[in-house]
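**Q**
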Amino acid sequence: MTISQSTSYKQAEMFSDGPAGNSYTNASQRNTHQKTTSSLPQMYDDFWDEIMSGRIAEKIKVASRGRSATSSQDVYNLLKPIFEKENDVEQMIGIYLTRKNEIIAIEQISKGSLSGASVYPREIIKTMLHKKAAAMVISHNHPSGDPAPSAEDNNITKHIVFALHCIGAQMLDHVIVGDNGKYYSFADQGILVQMKTDAQKAFSF
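Under the working numbering, the residue at position 4 of the sequence shown is numbered 14, and the numbers go up by one with no gaps.
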């Protein structure tokens, strides 16, 4: 479940169910199925240990390089396991992208209560320039599980949009991650478009 309909991001330069299973026909197949099913709890335990140890987060960061993130759903699926390691702590993560929306890096921007004092647009700009990124997506979690944005979330997003505009870079989205598949996307809601328009007006001479 999402708060908004996920839409694909434009490139920065342009600004299952499977088929029904067949019945098992012999005892050998039934035994194989039972064995696989009984091993699922251990598989889940092992996977959870991977998440909590931080190994999954590191694997995601490495495996994502050069791949594309094209929608808010992609961002949620990508970052939810990373946030899960410390889901009781608010943290912000940046996804740095090429002009073709290929991932350059995924890095933590801040940790703890997010505010204008803890998220520095100038540090984000330094990182963008260092990585030669053309665009980025920011995302943070709400430990409460409710992804609805606060006034501070809106202010931080606007400040970063304006800062990136100054260096000709794009903010493609700000995704707030909640619980139970819920997230909020500033791009899907149309808020980011208005912020970019405001930035263009503010810096037009």
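The beta-carbon is built from N, C-alpha and C at its ideal position, and this holds for glycine as well. Since the model is a prediction, treat every value here as computed from it, not as a measurement.
CB Val85 to CB Ile105, shorter than 9 Å?
**A** Their beta carbons are under 9 Å apart, which means Val85 touches Ile105 by this criterion.
**Q** For Thr207, count neighbouring Cβ atoms within 10 angstroms of its own Cβ and tell me buried if that reaches 16, exposed if not.
**A** Exposed is the call here.
**Q** I need the boundaries of the alpha helix (DSSP H) containing Lys90, first residue and last residue.
**A** Here the alpha helix (DSSP H) through Lys90 covers Ser82 to Glu94.
**Q** Only counting the same chain, and skipping five residues up and downstream in sequence, which positions put a Cβ closer than 8 Å to that of Cys176?
**A** Result list for Cys176: Ile135 and Phe213, in chain order.
**Q** Measure how close the beta-carbons of Pro131 and Ala173 come, nearest whole angstrom, since I'm counting them as under 8 Å.
**A** Correct: roughly 4 Å between the Cβ atoms.
**Q** Can you list, in chain order, the residues of its chain with a C-beta nearer than 6 Å to that of Val147? Leave out the 5 residues immediately preceding and following it.
**A** Counting only Cβ-Cβ distances below 6 Å, and skipping sequence neighbours, we find Val85, Ile105, Leu182 and Asp183.
**Q** Quick one: residues in its chain with C-beta nearer than 7 Å to the C-beta of Asn157, no 5 flanking neighbours on either side, listed in chain order?
**A** Here the sequence assigns Pro to residue 157, which means Asn is not the residue at that position. Excluding residues within five positions, the ones whose Cβ falls inside 7 Å are Ile13, Ile186, Val187, Gly188, Lys192, Tyr193 and Tyr194.
**Q** What number of angstroms, rounded off, separates the C-alpha of Glu112 from the C-alpha of Asn87?
**A** In a straight line, the C-alpha of Glu112 is about 16 Å away from that of Asn87.
**Q** Could you spell out where the alpha helix (DSSP H) holding His175 opens and where it closes?
**A** Note, His175: alpha helix (DSSP H), Ala161 to Cys176.
**Q** Near Lys90, what residues of its chain come up, given a Cβ to Cβ distance below 7 Å and the 5 sequence neighbours on each side ignored?
**A** Hits under 7 Å: Val187.
**Q** Would Ile103 and Asn164 be called neighbours here (beta carbons separated by less than 9 Å)?
**A** Their beta carbons are not under 9 Å apart, which means Ile103 does not touch Asn164 by this criterion.
**Q** Can you check DSSP and say which residues form a bridge with Gly104?
**A** Paired residue(s): Glu117 and Ile148.
**Q** Is it buried or exposed, Met53, if we count other Cβ atoms within 10 angstroms and call 16 or more buried?
**A** Classification of Met53: exposed, given that the 10 Å Cβ count is below 16.
**Q** Reducing DSSP to helix, strand and coil, say where Gln180 ends up.
**A** In the structure shown, Gln180 sits in a strand (DSSP, three-state: E or B).
**Q** Could you check where the alpha helix (DSSP H) with Ala209 kicks off and where it finishes?
**A** That run of the alpha helix (DSSP H) goes Ile201 to Ala212.
**Q** Can you give the Cα-Cα distance for Lys71 and Ser123, rounded to whole angstroms?
**A** Lys71 and Ser123: Cα-Cα distance of roughly 23 Å.
**Q** Once the 5 residues before and after Ser120 are set aside, which same chain residues still bring their CB inside 6 Å of it?
**A** Cβ within range, chain order: Met102, Ser128 and Val129.
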